[in-house]
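To convert, note that position 163 of the sequence shown is 170 in my numbering; the numbers rise steadily by one, no gaps.
Note that beta-carbon positions come from the ideal geometry of N, C-alpha and C, so glycine has one too.
On a predicted model such as this, the values are computed, not experimentally measured, just so you know.
Here is the structure we will look at.
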Amino acid sequence: MTGDGLWRPASGCGPGCLPAATAPDVSLPRRAGRLLGVLGMLLAGVGLAAVLPLLPPSGRRPALRGWARWTLRALGVRLVVRGRLPRGRALLVANHVSWLDILAVLAVAPARMLAKREVRDWPVVGRLAAAAGTVFVDRSRPRDLPATVGRVAGALRAGHSVAVFPEGTTWCGAAAGCRPGRGFRPAVFQAAVDAGAPVVPLGLGYRYAGDPSTLPAFLGEETLWESARRVLAARHLTVAVTVAAALHPAGGADRRALARAAESAIQPVRRRATTGVRIVRPVAPLPVGAEVGLDLVA
Numbered sequence: 008m009t010g011d012g013l014w015r016p017a018s019g020c021g022p023g024c025l026p027a028a029t030a031p032d033v034s035l036p037r038r039a040g041r042l043l044g045v046l047g048m049l050l051a052g053v054g055l056a057a058v059l060p061l062l063p064p065s066g067r068r069p070a071l072r073g074w075a076r077w078t079l080r081a082l083g084v085r086l087v088v089r090g091r092l093p094r095g096r097a098l099l100v101a102n103h104v105s106w107l108d109i110l111a112v113l114a115v116a117p118a119r120m121l122a123k124r125e126v127r128d129w130p131v132v133g134r135l136a137a138a139a140g141t142v143f144v145d146r147s148r149p150r151d152l153p154a155t156v157g158r159v160a161g162a163l164r165a166g167h168s169v170a171v172f173p174e175g176t177t178w179c180g181a182a183a184g185c186r187p188g189r190g191f192r193p194a195v196f197q198a199a200v201d202a203g204a205p206v207v208p209l210g211l212g213y214r215y216a217g218d219p220s221t222l223p224a225f226l227g228e229e230t231l232w233e234s235a236r237r238v239l240a241a242r243h244l245t246v247a248v249t250v251a252a253a254l255h256p257a258g259g260a261d262r263r264a265l266a267r268a269a270e271s272a273i274q275p276v277r278r279r280a281t282t283g284v285r286i287v288r289p290v291a292p293l294p295v296g297a298e299v300g301l302d303l304v305a
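Structural data, given as structure tokens:
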């Protein structure tokens, strides 16, 4: 893979993709209470980051899951889970709408994450991510991508699940015209092929006051604080995580076909989320067979 245009995907989303500004749903004291609760969870995250490396894997996962769920609760976000994760290691791949996606995935599947290098420098979150075994990628150095894929494959071989957002950037999740070009990037799927690990697609969808909404989306030049203020002011905000059936790539499978299959598995989740149809069971898998030989990048 060469060139920043391929290495740094961009969506066409802008302020027009967000809902119109309205008066806050919750009172100022309640918003302040939520903010204090989030700050408390961030402080708890500092302690967790110090303790996490000392815990066995069996203790690490519940600790991460609990922290993520309580942080969502502090933000006033309700979590709904549909479907069940398979036991054992897996490459977890999800669509990407908001910074809330990370909390939602960790609350359901406390896996190692693949994140941009800048996350390491974020207050509290960066320390917690590093302590949780996050694989960091430097997007300014495209030639490092094969090594990054190798580290993800190594984590999978070691029995760890790894969570990835293969679109490479956030978008509103509703307007097809502003979706990141090329959809799910296939490079990281090579790690699942190399490690012989299943791929589990996760469909993320948000509802505000019962209706599909782009309110939590984190887009364009907006700051994290601006996005967080919108979430803190919202009542009845829900994130639904729908677990699709696992894809089991055969040895030598084409990572591009695997990426398309994973993306297709969660597209019905997106369509139903935007049309208001309730999702009650996992999406059926698409078969992925052995295909031609592969190069490592792109």
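Pair within 8 Å by beta-carbon distance, residue i and residue j
i: M48; j: W77; result: yes
i: L239; j: R89; result: no
i: V156; j: L98; result: no
i: R148; j: P16; result: no
i: V115; j: G180; result: no
i: L86; j: A139; result: no
i: P173; j: V112; result: no
i: R124; j: V142; result: no
i: R94; j: V250; result: no
Reference residue i; option with closest CA among the options
i: V53; options: A268, V132, A39 and T155; result: V132
i: C20; options: A182, H255, L43 and V206; result: A182
i: V33; options: R236, Q274 and C185; result: R236
i: A253; options: G259, A204 and G212; result: A204
i: G175; options: V248, P187, G166 and L62; result: P187
i: L50; options: R68, H167 and W74; result: W74
i: V169; options: D145, R96 and R146; result: R96
i: P22; options: L55, E233, A257 and D151; result: E233
i: P117; options: L59, P153 and R150; result: L59
i: L25; options: A39, R146, C185 and G190; result: C185
Three-state class that DSSP yields for residue i in the structure shown
i: R85; result: strand
i: P36; result: helix
i: F196; result: helix
i: T230; result: coil
i: G52; result: helix
i: P93; result: coil
i: T310; result: Lying before the first or after the last residue shown, residue 310 is absent from the chain, which here runs from 8 to 305.
i: L265; result: helix
i: R279; result: Reliability of the predicted coordinates at R279 is poor, the pLDDT of 48 falling under 50, and no value is obtained from them.
i: V284; result: For V284, the pLDDT reaches just 27, beneath the cut-off of 50, and the residue's location in the model is therefore unreliable, although a value from the coordinates is still provided. Three-state result, V284: coil.
i: D218; result: strand
i: G210; result: strand
i: G19; result: coil
i: R148; result: coil
i: A101; result: strand
i: T78; result: helix
With 16 other Cβ atoms within 10 Å as the buried cut-off, status of residue i
i: S220; result: buried
i: P195; result: Checking the sequence shown, residue 195 turns out to be Val, not Pro. Burial call: buried.
i: D261; result: buried
i: T282; result: Because the pLDDT of T282 is 42, which lies under 50, any placement of that residue in the model is unreliable, and the question is left without a value.
i: P64; result: exposed
i: T177; result: buried
i: A122; result: buried
i: R214; result: buried
i: L46; result: exposed
i: A258; result: Correcting the residue identity first, residue 258 is Gly in this sequence and not Ala. With fewer than 16 Cβ atoms within 10 Å of its Cβ, G258 is classed as exposed.
i: P256; result: buried
C-beta neighbour in chain D for residue i, strict 8 Å
i: R124; result: Absence of chain D from the displayed structure is noted, only one protein chain being present.
beta-carbon residue i near the ligand NAP non-hydrogen atom, thresh 7 Å
i: S34; result: In the structure shown, the ligand NAP is absent, as is every other ligand, since no ligand is present at all.
Practice task
Take every Cβ of the stretch 223-239, pair it with every Cβ of the stretch 100-115, and state whether three or more of those distances are shorter than 8 Å.
Solution key: yes
Practice task
Mind the definition here: the stretch 191-200 touches the stretch 127-143 only if three or more C-beta pairs lie below 8 Å; say whether that holds.
Solution key: no
Handout entry: Contact between the stretch 132-141 and the stretch 241-249 (3+ Cβ pairs under 8 Å)
Key = no
Problem - contact_flag[the stretch 156-170, the stretch 77-87] where n(CB pairs < 8 Å) is 3 or more - result: no
Exercise for the section: Flag this pair as touching only if the stretch 257-270 and the stretch 202-213 have three or more C-beta atom pairs under 8 Å; answer yes or no. Expected result: With a cut-off of 8 Å, the stretch 202-213 and the stretch 257-270 count as touching, because enough Cβ pairs lie within range.
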